[in-house]
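Numbering (the UniProt record's numbering), first residue to last: 1 to 697. I have placed the structure first, in the form of structure tokens, so that the comments after it can refer back to it.
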């Protein structure tokens with residue numbers, strides 16, 4: 001471009017290059033690797049972008065040396081050689097509204113904020129929006145001199161010119177090609193390129209090259225010939241937001257917005273209009289399309305998020321994984337090819353709502369919870385601790401990774417537990433006909449509103465599956481059910497009560513200096529066996545102490561928030577004759593209150609004795625809790641290990657646990673050394689915990 005300027009500021013910002021080489025290939029496919037920075041060629045991304053809606057041609061021509069009369073623009077545009085000032089017109093109110101909505105969406109994804117400029121001059125406004133007399137639209141990239149793709153003069157960089165395809169005819173512009181055009185052109189202004197062209201040798205993969213995944217491709221549907229120009233969706237069926245690869249690229253340039261961390265957000269959609277709601281209020285920068293279609297991508301900003309699809313009763317596919325989608329309303333599925341009859345399956349979107357990708361692996365943006373309707377639904381969890389709730393129907397549920405809580409409702413449901421400690425919670429009647437796969441130690445079924453002893457169940461266990469029958473209901477668990485037994489722990493009463501079913505392994509034969517295999521070190525096998533309800537009482541017996549250390553052992557109560565209270569020593573010296581075989585009452589924990597144990601390594605030798613004024617205080621750093629005495633202060637001279645791994649330095653697992661064949665009690669083996677110096681024999685201190693209610697029946 002003759003006489004071009006690349007080094008000047010536009011609205012106080014400059015252009016700078018960006019290295020995208022470490023990113024996902026499809027994200028890179030929409031990036032030209034130039035963005036707005038705070039200095040010329042700088043590495044600090046812009047955080048504030050000013051914008052304006054010029055009303056006069058002179059708002060442009062006042063730039064140094066005038067306004068560039070032409071600009072190469074982006075490859076494939078037809079209007080790049082025209083002087084936009086020749087047919088300039090101020091942006092319409094609807095164009096302004098569409099531009100503001102698009103900026104609002106980008107602000108919700110990124111760390112950018114947008115401020116209306118003091119004037120529409122190039123000195124004050126980075127982004128400027130106007131109409132012109134062309135049928136198409138165009139936008140200028142951040143300032144750059146990339147002659148191989150799309151260089152951009154700093155005097156016109158960030159300027160957007162909206163022609164016929166960027167002029168919404170009505171206020172219901174969400175889902176129109178006009179709003180899609182506004183988002184697309186603004187994408188160029190941020191530094192995004194066309195996803196379908198091979199600039200920089202990068203294009204969207206064939207299975208992701210359409211507007212379901214990016215507004216930056218000319219392909220409105222998969223398989224469209226983008227080289228021949230942009231295809232269009234039917235009215236109402238174009239994207240209503242930036243899509244997953246656009247969002248990922250914008251976040252790579254300008255950071256991710258996690259401003260909703262610590263809040264809750266329940267997402268829902270109207271079954272007629274398609275309007276998106278958050279916590280029952282119409283979501284900002286969203287709107288109903290003319291045809292009620294739903295096509296957008298959700299970025300949670302780090303909120304504890306739930307998709308509530310309970311108002312849709314057809315068979316749903318609801319996948320919470322990043323980069324996947326949810327199809328819950330076939331009548332509101334977007335028709336992506338306006339040259340084919342509406343409803344043509346080959347040209348329809350795969351989902352209604354799409355999940356954004358993770359930003360640098362940060363799991364805070366994952367949607368954690370899902371509620372579906374009464375159809376035969378398929379639910380797929382992600383790596384978070386999901387809450388998955390399906391209504392009536394024969395549902396298929398895959399929890400994925402994480403510690404998931406699942407409620408499958410009525411119907412013959414098929415649930416697959418992934419890695420983690422998973423819990424199926426349902427009424428007895430709703431469990432009838434259910435099958436649970438990959439059921440392992442650490443998983444459980446809770447029968448709500450029912451309190452039953454183990455002996456009340458009819459159980460058929462062939463080692464690979466176990467079918468439980470109670471009253472008129474039966475359900476089957478699939479897993480490896482040898483070398484252990486099932487427990488049934490009844491907690492609570494009446495409608496608030498439940499029965500907790502779990503498979504607990506038998507305690508290993510522990511011996512001095514015989515190292516336990518890592519896979520068998522299970523911590524507390526099931527926390528319910530140490531959790532109260534205000535009625536169940538516990539006691540503990542010191543069964544063995546095979547160690548050279550004069551360890552102290554104590555207990556405490558654990559509240560629902562993880563805080564520790566009621567700290568007391570049970571055994572002052574596990575090697576003393578008085579301690580051997582001794583039993584101590586642990587009391588009656590309240591509803592949801594747990595019992596934890598701690599070991600003070602060689603505490604009797606180091607302290608001799610400790611007063612009855614102990615507590616644990618939270619600490620910073622690698623040691624989560626510090627033993628404290630009201631009279632002696634912090635007791636840091638001897639190492640302290642807990643039965644809960646997350647209370648130990650580095651999350652070290654210092655106990656294993658299990659049942660004894662034919663015994664209803666939980667046995668716990670403590671290891672009193674940590675790290676490389678430990679022999680991991682877990683028989684240094686062995687405790688047996690008994691509750692007054694029968695576990696095995």
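Where a beta carbon is used, it is the ideal one built from N, C-alpha and C, also for glycine. Just so it is clear, the structure is predicted and the values come from calculations on it, not from any experiment.
Asked: Which residues DSSP lists as bridging residue 91, in chain order; Found: For residue 91, which the question treats as bridged, DSSP gives no partner whatsoever.
Asked: Alpha-carbon spacing of residue 100 relative to residue 51, whole angstroms; Found: 10 Å
Asked: Length of the line joining the Cα atoms of residue 47 and residue 34; Found: 15 Å
Asked: Any 3 or more C-beta pairs closer than 8 Å across the stretch 168–182 and the stretch 16–35; Found: no
Asked: Strand pairing of residue 505, partner residues [DSSP]; Found: 484
Asked: First through last residue of the beta strand (DSSP E) which encompasses residue 339; Found: Run containing residue 339: none; DSSP gives neither H nor E here.
Asked: Residue 654 in three-state terms, based on DSSP; Found: coil
Asked: Counterpart residues of residue 96 in DSSP-defined beta bridges; Found: In DSSP, residue 96 forms no bridge with anything.
Asked: Cβ pair count under 8 Å reaching 3, the stretch 561–578 against the stretch 517–534; Found: no
Asked: Whole-Å CB distance - residue 95 paired with residue 129, under 8 Å assumed; Found: 7 Å
Asked: CB of residue 538 within 8 Å of CB of residue 595, strictly; Found: yes
Asked: Start-to-end residues for the alpha helix (DSSP H) that takes in residue 186; Found: 177–190
Asked: Anticipated Cβ contact below 8 Å, residue 334 with residue 295, distance rounded; Found: 4 Å
Asked: Alpha-carbon to alpha-carbon, residue 495 and residue 558; Found: 25 Å
Asked: Identified DSSP bridge partners for residue 584; Found: 540
Asked: Limits of the unbroken beta strand (DSSP E) element including residue 277; Found: 276–278
Asked: Buried/exposed call for residue 339, threshold 16 Cβ in 10 Å; Found: exposed
Asked: Residue from 319, 244, 5, 555 with nearest C-alpha to residue 63; Found: 5
Asked: Short Cβ contact (8 Å threshold) for residue 740 with residue 403; Found: In the structure displayed, the chain extends from 1 to 697; residue 740 sits before or after that span and is not available.
Asked: Proximity winner among 151, 665, 156, 638, relative to residue 123 (alpha-carbon distances); Found: 156
Asked: Backbone secondary structure at residue 155 - three-state DSSP; Found: coil
Asked: Segment contact flag, the stretch 612–630 with the stretch 662–671, C-beta cutoff 8 Å, min 3 pairs; Found: no
Asked: Limits of the unbroken alpha helix (DSSP H) element including residue 250; Found: 244–254
Asked: Residues near residue 783 in its chain [Cβ-Cβ closer than 7 Å; skip 5 each side]; Found: Nothing about residue 783 can be reported from this structure: the residues present for the chain run from 1 to 697 only.
Asked: Secondary structure of residue 552, DSSP reduced to three states; Found: strand
Asked: Cutoff 8 Å: residue 155 Cβ touching any chain C Cβ; Found: Within the model displayed, chain C is absent; a lone protein chain is all it includes.
Asked: Same chain only: Cβ atoms within 7 Å of residue 651, ignoring 5 sequence neighbours per side; Found: 645
Asked: Per DSSP, cross-strand counterpart(s) of residue 355; Found: 298
Asked: Cβ-Cβ separation, residue 219 to residue 226 (assumed contact under 8 Å), whole Å; Found: 4 Å
Asked: Meets three-Cβ-pair contact criterion under 8 Å: the stretch 247–255 and the stretch 372–382; Found: no
Asked: Ranges of the alpha helix (DSSP H) found wholly within the stretch 598–652, counting only runs of at least 4; Found: 603–607
Asked: Whether residue 772 touches residue 488 by CB criterion (8 Å); Found: Outside the displayed span of the chain (1 to 697) sits residue 772, for which this structure offers no information.
Asked: Three or more C-beta pairs below 8 Å linking the stretch 497–507 and the stretch 630–646; Found: no
Asked: Residue 192 to residue 292 span [Cα, whole Å]; Found: 29 Å
Asked: The beta strand (DSSP E) enclosing residue 461, as first and last residue numbers; Found: 458–461
Asked: Residue 57 versus residue 201 - alpha carbon distance; Found: 38 Å
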